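Novice: Here it is, the structure, as structure tokens.
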Amino acid sequence: MSEDAHQPRPRPSGRRGFTAAAAAGALVVLGVLAAGCGQTSAAGGAPSASASAASPGAQSGAAGQGSTQTLPRSAPSGLKIPAIGVDTEKTVALGTQDNGEIQVPEGNQTVGWYDGGPTPGEFGPALMGAHVDSESGPALFYKLADLSSGDEVRVPREDGKTAVFSVYSVEQYPKTEFPTRKVYAPTENRAELRLVTCGGTFNEDSGHYRDNIVAYARMTGVQ
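Spelled out as structure tokens, the structure:
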């Protein structure tokens, strides 16, 4: 994690902490995360739901370090992160806009999940994103940067199962240097999760935060 990941973030008046921006570059894979807040572009070979379901280990999964078997596809119905006080049943599937960017969840306590990729618990890196703040104050992912290695993330699913994840890294990246390949790299037969929001300082000129916060977690159990 970068040194300033835990620094207090300014709370801009009249702005949302989960903003849109265009992706750029031929190597972008869901890479508008580098430019926007918690947003992704399907350009350049984004992992698809059908592709992840057909991947080795998608149903039974090969156990890896800190991992368990993977699950069939099922939409998330909530998100619980006790260490930072996140407990919501407000979830929304996010598709892509006409310009290729991922849609933005409405409401500062709603978590969106990218339905063009794996669902949480399914083989591959699932993506969930939420606002960091709003006009009225902190939003759902305001404390995302405060997560530590070993913190638990629980994702209830519509099939009645709960995918349990353990955080193993929290990183802060300038949006101009977002490591798209790392975020969406193969997960070695594991189900993993990426939690994304804005971070760093707020740029009054552009109306966006300068950085992204990404929490990486791997599935460790199913309940």
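Numbering (our numbering) for the sequence shown: 1380 to 1602. Just so it is clear, CB atoms sit at the ideal spot from N, CA and C, and this is done for glycine as well. The structure presented is a predicted model; accordingly, all values stated were derived computationally and were not measured.
(1) Taking C-beta to C-beta, are residue 1504 and residue 1563 nearer than 7 Å?
(2) To the nearest whole angstrom, what separates the beta carbons of residue 1570 and residue 1502, a pair I think is in contact under 8 Å?
(3) With three or more C-beta pairs closer than 8 Å as the rule, is the region 1447-1459 touching the region 1537-1544?
(4) Are the Cβ atoms of residue 1489 and residue 1471 separated by less than 7 Å?
(5) Taking all protein chains shown into account, decide if residue 1584 is buried (16 or more other Cβ within 10 angstroms of its Cβ) or exposed.
(6) Taking a contact to mean a Cβ-Cβ separation below 7 Å, would you say residue 1524 touches residue 1592 in this structure?
(7) Can you give me the C-alpha to C-alpha distance between residue 1514 and residue 1484, rounded to a whole angstrom?
(8) So for residue 1549, helix, strand or coil by DSSP?
(9) Does residue 1524 come out as helix, strand or coil in the three-state DSSP assignment?
(10) So for residue 1535, helix, strand or coil by DSSP?
(11) Suppose you measure from the CA of residue 1587 to the CA of residue 1511; what does that come to, to the nearest Å?
(12) Where do the N-terminal and C-terminal ends of the beta strand (DSSP E) with residue 1593 fall, by residue?
(13) Can you tell me where the alpha helix (DSSP H) holding residue 1560 begins and where it ends?
(14) Once you ignore the five residues that flank residue 1507 on each side, which residues in its own chain have a CB closer than 6 Å to its CB?
(15) Which residues in the same chain as residue 1582 place their Cβ atom closer than 8 Å to its Cβ, once the five residues preceding and following it in sequence are excluded?
(16) Under the rule that 16 or more other beta-carbon atoms within 10 Å means buried, what is residue 1554, buried or exposed?
(17) Just to confirm before moving on: does the CB-CB distance between residue 1463 and residue 1532 stay below 7 Å?
(18) According to DSSP, simplified to helix, strand and coil, what is residue 1509?
(19) Please return the same chain residues whose Cβ sits closer than 7 Å to the Cβ of residue 1468, not counting the five positions on each side in sequence.
(20) Can you pull the DSSP bridge partners for residue 1582?
(21) Residues in its own chain within less than 6 Å of residue 1406 by CB, not counting five upstream and five downstream?
Specialist: According to the structure data:
(1) yes
(2) 6 Å
(3) yes
(4) yes
(5) exposed
(6) yes
(7) 15 Å
(8) strand
(9) helix
(10) strand
(11) 11 Å
(12) 1587-1601
(13) 1559-1562
(14) 1490, 1492 and 1574
(15) 1588 and 1589
(16) buried
(17) no
(18) coil
(19) Excluding positions up to five away in sequence, the list reads 1456 and 1457.
(20) 1587
(21) Low local confidence applies: a pLDDT of 23 at residue 1406 is under 50, so the model's placement there is unreliable, with the coordinate-based value given in what follows. Excluding residues within five positions, none has a Cβ falling inside 6 Å.
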